[in-house]
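Asker:
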Amino acid sequence: MHVMIKIMGIALALSCALTPVSQRLMAWLLERNRESLAEYDLEPGPVCSNLVLALGIFVSLFLGLLLAPTTVSKALSCFLLYWLWLLWLIDYRFQFIFDDSLVPLVVLGLAATPYLPFSIWQRLAAGAGAFVILAALAILGRGALGGGDVKMMAALGLWFGVNGIITTASVGFIIGGIAAVIMLLFKVHGRKDFFAFGPFLIIGAVVAWLGQVLLWK
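First residue of the sequence shown: 841, per my numbering; consecutive thereafter.
#1: Does the ligand MG have even one heavy atom less than 7 Å from the beta-carbon of residue 962?
#2: Of the residues 1001, 1015, 886, 1014, which one's Cα is nearest the Cα of residue 968?
#3: Can you check which of these residues, 870, 1008, 944, is closest to residue 933 by C-alpha distance?
#4: Assess contact between the stretch 873 to 884 and the stretch 1003 to 1017, defined as three or more Cβ pairs (one per stretch) separated by less than 8 Å. Is contact present?
#5: With a CB to CB cut of under 6 Å and the five nearest residues on each side skipped, what residues in its chain are close to residue 994?
#6: Considering residue 994, what are the terminal residues of the alpha helix (DSSP H) in which it resides?
#7: Around the C-beta of residue 955, are 16 or more other C-beta atoms found within 10 angstroms, so that it is buried, or is it exposed?
#8: Count the other CB atoms, across all protein chains shown, that sit within 10 Å of the CB of residue 925; report buried if there are 16 or more and exposed otherwise.
#9: Check this for me: beta carbons of residue 889 and residue 921, under 8 Å apart or not?
#10: Please classify residue 849: does DSSP put it in a helix, a strand, or coil?
#11: Check residue 942 in the structure and name its three-state DSSP category.
#12: At what residues does the alpha helix (DSSP H) containing residue 972 begin and finish?
#13: Cβ atoms of residue 851 and residue 898: under 8 Å apart, would you say?
#14: Compute the distance between the beta-carbons of residue 1012 and residue 988, then report whether it is under 8 Å.
#15: Distance, Cα to Cα, residue 964 vs residue 896?
#16: Using the Cβ count rule (16 or more neighbours within 10 Å means buried), how would you classify residue 1049?
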């Protein structure tokens, strides 16, 4: 119980400190990609309230600190879950996953090679395989998947390896499919309407990573 309270305290303190920084970071990303947003008649603006942002950061850090077994794995888990939360918020709000928002995932995924449970070659194969397969699905689906979704999955392959990226895609497609059916039934969206699929893939990534961390030695 003492350890749990300590972890909660650390996560709470860090989430309070990171919330204003994260708001500025998301605002910077949106401003940097203003031209891409303008193509869809979108303007940079607030992504979410400070309370929502802080709550998600707290949960991300709490899970990363609680479940990962070593200091390095805790640090990597906290970063990954935190960054996925920011990507989720932006994609949910603007239906965009920007290329420059994926750079930290790629850089740290490569830099952390000695500490991740799979070889660099397996993770590179996972990333390349995810890119090729999902790019084909994006072309065949005529926009059902966006380019940002495809690139994000390729970047996550550098963290997860083959099994993890398969779990990510499977969970994401299942949850996304269920959500699509519910939205059609309640007429939230029509058959030809577009909705962001990235948030569901990010949920799949969180599930895959937490499952992987629990087996991390």
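Glycine is no exception: its CB is placed at the ideal position from the N, C-alpha and C atoms.
Answerer: So, from the listed chains and residues:
#1: The ligand MG is not part of this structure, which contains no ligands at all.
#2: Position 128 of the sequence shown holds residue 968. For the residues 1001, 1015, 886, 1014, the minimum Cα distance to residue 968 belongs to 1001.
#3: Here residue 933 corresponds to residue number 93 of the sequence shown, with the count starting at 1. Comparing C-alpha distances from residue 933 to each of 870, 1008, 944 shows the shortest one belongs to 870.
#4: No: fewer than three Cβ pairs fall under 8 Å.
#5: Position 154 of the sequence shown holds residue 994. Here residue 994 has 967, 970, 971 as same chain residues with Cβ atoms under 6 Å from its own Cβ, once five neighbours each way along the sequence are excluded.
#6: Residue numbering aside, residue 994 sits at position 154 when the sequence shown is read from its first letter. From DSSP, the alpha helix (DSSP H) with residue 994 extends over 987 to 1025.
#7: One-based indexing of the sequence shown puts residue 955 at position 115. Result: exposed.
#8: Numbered from 1 along the sequence shown, position 85 holds the residue referred to as residue 925. With 16 or more other CB atoms across the displayed protein chains lying within 10 angstroms of its CB, residue 925 is buried.
#9: As a first step, residue 889 must be located in the sequence shown, where it is residue number 49. As a first step, residue 921 must be located in the sequence shown, where it is residue number 81. Going by beta carbons, residue 889 and residue 921 fall outside the 8 Å limit.
#10: For the purposes of this step, residue 849 is taken as the residue at position 9 of the sequence shown. Three-state result, residue 849: helix.
#11: Position 102 of the sequence shown holds residue 942. Coil.
#12: As a position in the sequence shown, residue 972 is number 132, starting the count at 1. Where residue 972 is concerned, the enclosing alpha helix (DSSP H) stretches over 960 to 980.
#13: Position 58 of the sequence shown holds residue 898. Position 11 of the sequence shown holds residue 851. Contact: yes.
#14: Mapped onto the sequence shown, residue 1012 falls at position 172. Mapped onto the sequence shown, residue 988 falls at position 148. Residue 1012 places its beta carbon 8 Å or farther from that of residue 988.
#15: If you number the sequence shown from 1, residue 964 lands on position 124. If you number the sequence shown from 1, residue 896 lands on position 56. When rounded, the distance between both Cα atoms is 29 Å.
#16: Locating residue 1049 in the sequence shown gives position 209, counting from the first residue. Burial call: buried.
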